[in-house]
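Notes follow once the structure below has been shown.
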Amino acid sequence: MEWSMSRQQRKWLMFKAVEIIVALLYGQRETRSLPEFRFKNAEVLAVHGDLHSSMELRVLAHDAITYVNVDEKAMAIYRREGRSHVIDLPSGNWNAATFDVDAHSDEVMFTSFSQTTRSGVNNAWHPYRVDYLDLVKVQSLKNSTEVQQLHQSDFLQVVTHPYFDVPVIMKLTKGSDIAPKFLGHVTEDGRVIGFLLEYLRDAQTLFSVGSGENYDACDAGISRLLEKGIRHGDAHPGNCMIRPDGSAVWLDFELSSLI
């Protein structure tokens with residue numbers, strides 16, 4: 000007897016295949032993590048880099064943002080030893096430092112400090128801007144009681160992004176409900192470094208609530224993006240959120256482009 004799959008079955012298998020691939024990628028990242036750097040007198044806000052090159056730390060110290068570049072040689076040492084590194088962050092008139100292997104002693108240490116001007120997003124379009132240091136950190140949104148105690152207008156996420164197309168794409172999707180509401184830009188020393196998005200209350204990823212109707216809702220969202228001239232670039236179940244009313248919202252436009 001000949002067996003054939005319906006359109007819905009083919010779509011389900013496609014999403015399941017993507018789920019497996021994404022799960023494998025996440026597993027690799029967890030087992031091959033970056034060395035952990037911590038400071039006794041400062042807080043690491045973000046880490047940028049990979050396992051085979053240098054790493055940049057964005058650090059909050061003395062009520063100011065500084066950047067510490069961990070050189071490739073220093074990375075290799077801590078990768079090999081497989082341990083975290085706790086150090087003091089020196090004070091002074093600087094906002095950029097390099098953590099490297101000293102040429103004379105072969106010890107890992109701070110080798111340079113400088114005061115630099117960093118570039119920001121150059122096509123900021125939203126009128127509302129908020130300084131990063133003025134944001135109030137929400138410790139956890141996993142606890143439902145904590146979430147219920149927050150005011151609806153406080154459901155914000157901070158998302159930094161270096162790519163040019165993202166604010167443009169967000170502007171094109173504004174008011175369409177295809178993506179989270181764009182609430183404004185985040186600044187640091189006057190330059191735009193990121194943006195604010197609404198917190199999608201009670202929404203779940205397609206990973207968690209996969210069903211025929213939900214797959215159709217996510218598929219319809221992709222079609223609406225294409226109608227607006229936007230290619231998402233990373234469409235998988237982990238990037239599609241389902242609201243309680245069954246409507247879909249697409250996240251993570253990092254690889255998106257305008258058609």
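Going by numbering that gives the first Met the number 0, the sequence shown opens with residue 0, and the numbers climb by one from there.
Every residue, glycine too, gets a C-beta built ideally from N, C-alpha and C.
Exercise for review: Buried or exposed for His103, please, with buried defined as at least 16 other CB atoms from any protein chain shown within 10 angstroms of its CB.
Suggested key: Counting from 1 along the sequence shown, the entry for residue 103 is found at position 104. Under this definition His103 is an exposed residue.
Exercise for review: Could you tell me which of Ile168, Pro236, Gln203, Asp215 sits nearest to Ile229, measuring between CA atoms?
Suggested key: Here the question's residue 229 lines up with position 230 in the sequence shown. Minimum Cα distance to Ile229 is reached at Ile168.
Practice item. Figure out for me which residue from Thr97, Val129, Val85 has the closest Cα to the Cα of Gln114. Key: Residue numbering aside, residue 114 sits at position 115 when the sequence shown is read from its first letter. The shortest C-alpha separation from Gln114 is found at Thr97.
Check your understanding: Opposite Met293 in the DSSP bridges: which residues?
Key -> It is not possible to answer for residue 293, since the shown part of the chain is limited to 0 through 258.
Check your understanding: Around the Cβ of Asn213, are there at least 16 other Cβ atoms within 10 angstroms (buried) or fewer (exposed)?
Key -> On the sequence shown, residue 213 is found 214 positions in, with the first residue counted as 1. The residue in question, Asn213, is buried, as its Cβ has 16 or more Cβ neighbours within 10 Å.
**Study point:** Limits of the unbroken beta strand (DSSP E) element including Leu224
**Key:** For this step, residue 224 is matched to residue 225 along the sequence shown. No beta strand (DSSP E) holds Leu224; the alpha helix (DSSP H) holding it covers 211 to 226.
Practice item. Let me know the secondary structure DSSP gives Ala95 once reduced to three states. Key: On the sequence shown, residue 95 is found 96 positions in, with the first residue counted as 1. Strand at Ala95.
Exercise for review: Could you tell me the distance, in whole angstroms, from the CA atom of Leu195 to the CA atom of Thr186?
Suggested key: What you label residue 195 is simply residue 196 of the sequence shown in a count that begins at 1. What you label residue 186 is simply residue 187 of the sequence shown in a count that begins at 1. C-alpha separation (whole angstroms): 11 Å.
Check your understanding: How many whole angstroms separate the CB atoms of Ala219 and Ala202, which I take to be in contact at a CB cut-off of 8 Å?
Key -> Numbered from 1 along the sequence shown, position 220 holds the residue referred to as residue 219. Numbered from 1 along the sequence shown, position 203 holds the residue referred to as residue 202. The pair is not a contact, with the Cβ atoms about 16 Å apart (cut-off 8 Å).
Practice item. Using beta-carbon positions only, say whether Leu199 and Met240 come within less than 8 Å of one another. Key: Residue numbering aside, residue 199 sits at position 200 when the sequence shown is read from its first letter. Residue numbering aside, residue 240 sits at position 241 when the sequence shown is read from its first letter. Going by beta carbons, Leu199 and Met240 fall inside the 8 Å limit.
Check your understanding: For Val100, which three-state DSSP category applies?
Key -> Translated into the one-based positions of the sequence shown, residue 100 becomes position 101. Here Val100 sits in strand by DSSP.
Point to revise | Close Cβ partners of Asn40 (< 7 Å) along its chain, the five nearest in sequence each way excluded | key: Working through the sequence shown from its first residue, we reach residue 40 at position 41. Excluding five sequence positions before and after Asn40, the CB atoms of its chain that fall closer than 7 Å to its own CB belong to Ala60, Asp87, Leu88, given in chain order.
Check your understanding: For Ile76, which three-state DSSP category applies?
Key -> By one-based count along the sequence shown, residue 76 stands at place 77. Here Ile76 sits in helix by DSSP.
Check your understanding: Under a three-way DSSP split, which group does Gly237 fall into?
Key -> As a position in the sequence shown, residue 237 is number 238, starting the count at 1. Gly237: helix per DSSP, three-state reduction.
**Study point:** DSSP state of Ile177 mapped onto helix, strand, coil
**Key:** Here residue 177 refers to the residue found at position 178 when the sequence shown is read from its first residue. In the structure shown, Ile177 sits in coil (DSSP, three-state: anything other than H, G, I, E or B).
Check your understanding: Within 10 angstroms of its Cβ, does Thr172 collect 16 or more other Cβ (buried), or is it exposed?
Key -> Taking the first residue of the sequence shown as position 1, residue 172 is located at position 173. Per the 10 Å Cβ criterion, buried.
Review point. Comparing alpha-carbon positions, which option in Gly245, Pro243, Ile221 lies nearest His235?
Key: Position 236 of the sequence shown holds residue 235. Ranking Gly245, Pro243, Ile221 by Cα distance to His235 puts Ile221 first.
Exercise for review: Using 10 angstroms around the beta-carbon of Leu250, count the other beta-carbons present and answer buried if the total reaches 16, otherwise exposed.
Suggested key: Locating residue 250 in the sequence shown gives position 251, where the first residue counts as 1. Label assigned to Leu250: buried.
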